[in-house]
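Have a look at the structure below, then the notes.
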Amino acid sequence: MRVELRPAPFDAVAEVMGHRAAAGNPGKSGAASIFIGTMRDFNEGQEVGAMTLEHYPGMTEKHLQGICAQAAAQWAVHDILVLHRTGDIEVGEDIVLIATWAAHRGDAIDATRCIIEDLKHKAPFWKKEVVSGGERWVERNTTGYLSAD
-9 MRVELRPAPF DAVAEVMGHR AAAGNPGKSG AASIFIGTMR DFNEGQEVGA MTLEHYPGMT
51 EKHLQGICAQ AAAQWAVHDI LVLHRTGDIE VGEDIVLIAT WAAHRGDAID ATRCIIEDLK
111 HKAPFWKKEV VSGGERWVER NTTGYLSAD
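With this note's numbering, letter number 36 in the sequence shown gets 26, and the count goes up by one each step, no holes.
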């Protein structure tokens, strides 16, 4: 399992392929589930030009590791990769990458979905968006399938 916060842009597809090659377990996992979240140019009915993503160093990584450990305990996954951007992010840049590997697709897909939903709703990140009228802090995240909000 690898969890990493990055202040610079990354290529999510290259990261998945590199992680997979470094794992050195060809044939062990019959399925991989990959989620890539990208900075979009709109939110809450307004155009967004950029975003700053702040976090609490140490606490955020620990929280993400805990999310991954819970997913690994609930589903039969062989490996998990989570990369998340911090700092200044431009429209079109990848923000988050979650990849899970398992023997079967159901475990991989369910673990990936659980990790992203928990990350979006509970991880200590704060978003400030640049909009036409200046800047604004994002007060809530989008509702996920696990949320009753």
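We put the CB at the ideal spot given by N, CA and C, even for glycine.
If you ignore the 5 residues before and after D100, its C-beta comes within less than 7 Å of the C-beta of W65, all in its own chain and listed in chain order. Uninterrupted beta strand (DSSP E) stretches at least 3 residues long and entirely within the stretch 79 to 125 occur at 84 to 92 and 115 to 121, given in chain order.
Around the Cβ of A(-2), a 10 Å sphere holds fewer than 16 other Cβ atoms; the residue is exposed. For M49, the enclosing alpha helix (DSSP H) has its first and last residue at M49 to Q64.
A contact between stretches requires three or more CB pairs, one per stretch, nearer than 8 Å, and the stretch 101 to 112 fails this requirement with the stretch 32 to 48. At the C-beta level, V120 and G14 stay beyond 8 Å of one another.
Straight-line measurement puts the Cα of A93 at about 8 Å from the Cα of H68.
Residue burial is scored here from C-beta neighbours: T28 has fewer than 16 other C-beta atoms within 10 angstroms and is therefore classed as exposed. Secondary structure at G8: helix, using DSSP grouped into helix, strand and coil. Across the structure, A63 and T90 are spaced so that their CA atoms are roughly 13 Å apart. Looking at the backbone, the Cα of G124 and that of T50 are separated by about 27 Å. Residues of the same chain with their beta carbon placed closer than 6 Å to that of K52 are lacking, with the five preceding and five following residues left out of the count.
For T42, the uninterrupted beta strand (DSSP E) run begins and ends at Q36 to H45, by DSSP. Beta-bridge partners of R30 (DSSP): none assigned. Residue environment analysis places D84 among the buried positions, since at least 16 neighbouring C-beta atoms fall within 10 angstroms of its C-beta.
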